[in-house]
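Participant: Position 342 of the sequence shown, counting from 1, maps to 342 under the UniProt record's numbering, and the rest follow consecutively.
Note that the Cβ used here is the ideal one computed from N, Cα and C, for glycine as well.
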Amino acid sequence: MARIAMNRVVAWLVTQTYSRGTLYSETLARQYMGAVAQAPERLGLPSDLAKVSAFEQCSAAELERLWQVWKTAPNYTERNRQTGNALSAGMGCLLQYLRYRESQSLRVRRVPRQDTNPPAADEQDNQPASSNSSDTPEQPIRLLRQFALEYIDKRPKGGVLWVIGDQRLADTMEQLRQVGFPFTFKPRGGIASGWRDAWWLKEQDSITLPRNTETEIKLTREPDPDTVAAWLLTQTDAEGERYQAADAQLYMWALRTTPAKLDLPPAVIQKSVFSCRTPEELKQHWELLKTALNYQQLRAYTSIFDIGVQCLLRYLESHPANAGQITAAAAANIAEPDPKWIPDAEAKNGSDIDPDAVVAWLVTQPNANGTLYLKRVVRTYMSALTYHSRKIGFTPLTLTKKRFLLPHARRA
1 MARIAMNRVV AWLVTQTYSR GTLYSETLAR QYMGAVAQAP ERLGLPSDLA KVSAFEQCSA
61 AELERLWQVW KTAPNYTERN RQTGNALSAG MGCLLQYLRY RESQSLRVRR VPRQDTNPPA
121 ADEQDNQPAS SNSSDTPEQP IRLLRQFALE YIDKRPKGGV LWVIGDQRLA DTMEQLRQVG
181 FPFTFKPRGG IASGWRDAWW LKEQDSITLP RNTETEIKLT REPDPDTVAA WLLTQTDAEG
241 ERYQAADAQL YMWALRTTPA KLDLPPAVIQ KSVFSCRTPE ELKQHWELLK TALNYQQLRA
301 YTSIFDIGVQ CLLRYLESHP ANAGQITAAA AANIAEPDPK WIPDAEAKNG SDIDPDAVVA
361 WLVTQPNANG TLYLKRVVRT YMSALTYHSR KIGFTPLTLT KKRFLLPHAR RA
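#1: Give a yes or no on whether the C-beta atoms belonging to Y243 and Q235 are separated by under 8 Å.
#2: I believe residue 451 touches R42 by the beta-carbon criterion, under 8 Å. Please report the beta-carbon distance rounded to the nearest angstrom.
#3: Given this structure, state the Cα-to-Cα distance separating L233 from P265, to the nearest angstrom.
#4: At what residues does the alpha helix (DSSP H) containing A35 begin and finish?
#5: How would you call L293, buried or exposed, if buried means at least 16 neighbouring beta carbons within 10 angstroms?
#6: So, does the stretch 190-197 touch the stretch 157-173, judging by three or more C-beta pairs under 8 Å?
#7: Starting from the Cα of N7, find the closest Cα among G84, D171, P366, M33 and give me that residue.
#8: In whole angstroms, give me the CA-to-CA distance for V9 and E281.
#9: Would I141 be called buried (16 or more neighbouring beta carbons within 10 Å of its own) or exposed?
#10: Just how far apart, CA to CA, sit T364 and P40?
#11: On the three-state DSSP scale, how would you describe Y97?
#12: Going by the CB atoms, is the gap between L94 and V36 shorter than 8 Å?
#13: Using the Cα positions of T220 and T184, report the straight-line distance between them to the nearest angstrom.
#14: What are the partner residues of I164, as DSSP defines its beta bridges?
#15: Taking the alpha-carbon positions, what's the A245 to Y251 distance?
#16: Is P366 near L374, with beta carbons less than 8 Å apart?
#17: When DSSP labels each residue in this structure, what does T234 get in the three-state scheme?
#18: Distance, Cα to Cα, Q178 vs Y315?
#19: Identify the continuous alpha helix (DSSP H) that holds Y251 and give its terminal residues.
#20: From K51, H285, A230, pick the residue whose C-alpha is nearest to that of T72; which is it?
#21: At which residues does the alpha helix (DSSP H) containing I304 begin and terminate?
#22: Could you tell me which of L201, G180, Q82, T172 sits nearest to K186, measuring between CA atoms?
Next up, the structure:
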């Protein structure tokens with residue numbers, strides 16, 4: 001979707017009043033938007049989530065989901081306090097702007113229905129036979145609703161059908177082109193789209209498809225790994241504890257890399273689990289992967305992979321009409337987890353954990369006071385553990401790497 005222009009938000013915000021009944025000043029509005037723009041880099045989020053900007057969310061629901069993910073960051077409260085609560089206030093203002101823009105889009109979309117009167121009976125009889133049926137204009141609308149895309153239909157007034165979005169909708173539009181609806185991209189769109197990037201379709205450009213219940217068009221989206229990881233941070237595991245960012249990042253990495261290590265035909269390995277669009281399809285593909293002869297031998301990898309598949313199943317079950325925007329090829333863009341956290345296929349019980357890996361993880365966690373651990377303090381802890389363990393002949397860091405990697409196993 002098109003990126004939200006910060007200047008537009010500021011220009012709208014200075015016309016609004018806040019709790020005291022006075023208008024926002026331009027300085028205050030820019031301060032709020034600046035705090036929101038800098039938040040992804042300042043919050044303690046994994047690299048893949050740190051690239052997601054609030055100004056790339058095109059609906060109030062998407063922004064609310066992103067805000068919930070940000071609140072799971074260990075330093076969210078501290079960062080918000082440092083900005084004088086400008087971060088939370090800015091997110092609230094941006095949320096109001098998106099709700100206002102959605103209300104305007106809905107108002108524009110309802111205009112043709114209010115102004116268009118049904119033709120008289122004698123006019124219906126004089127319609128040319130080439131128009132086929134009244135279902136023709138609803139065919140693209142039905143598909144757009146399946147994709148949960150924002151559209152503005154001006155065809156009843158002699159205009160075109162607009163779909164709001166930028167070049168990231170190219171894959172979706174190619175699918176629509178293949179079924180008879182060749183949309184054309186136009187930067188900055190037009191008046192009907194509010195000068196936002198959009199795709200347009202003329203009535204005469206579309207092809208009338210036969211309505212056949214056996215060959216009904218069903219276009220769904222492949223799950224986006226970034227979206228699954230962000231959604232997972234808002235969920236809890238079987239023990240009722242919320243998933244951590246490191247867990248989600250590691251599970252998505254395992255889903256992407258583990259199938260290539262299995263002893264299976266290339267045709268099976270090349271199919272990504274992210275290409276499964278329904279829970280049934282994912283379960284069937286999972287059972288096929290389990291037939292690999294080395295599946296049990298690679299338990300250091302497949303144990304994490306199994307948990308990742310279960311998380312992906314939960315996501316597909318909770319999103320029957322999946323509205324992700326990135327195909328399975330986008331899985332290659334997920335940031336690699338810390339190499340020290342990647343399991344060793346030859347690791348055995350009793351292998352030592354690198355204290356540096358413990359330090360790297362612990363500095364991202366809050367202590368009893370709610371603040372992050374300092375690296376020098378954590379290193380002092382690890383040095384003390386190492387020193388005293390040698391005195392008594394016991395190494396407390398001698399654990400299985402699997403138990404260190406999986407917080408759920410640690411809690412067990």
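Facilitator: Judging by the given coordinates:
#1: yes
#2: There is simply no residue 451 to check, as the chain begins at 1 and stops at 412 in what is shown.
#3: For L233 and P265, the distance between alpha carbons rounds to 34 Å.
#4: Its alpha helix (DSSP H) spans residues 26-42.
#5: exposed
#6: Verdict: yes, contact present.
#7: M33
#8: One alpha carbon belongs to V9, the other to E281, and they sit about 42 Å apart.
#9: exposed
#10: 15 Å
#11: helix
#12: yes
#13: Only weak support is given to the placement of T220: the predicted model assigns it a pLDDT of 44, under 50, and the question is left unresolved by the model.
#14: A198
#15: 10 Å
#16: Taking a C-beta distance under 8 Å as the contact criterion, P366 and L374 do not qualify as a contact pair.
#17: Three-state result, T234: coil.
#18: 28 Å
#19: 245-257
#20: A230
#21: 299-318
#22: Of the listed residues, the one whose Cα sits closest to K186 is L201.
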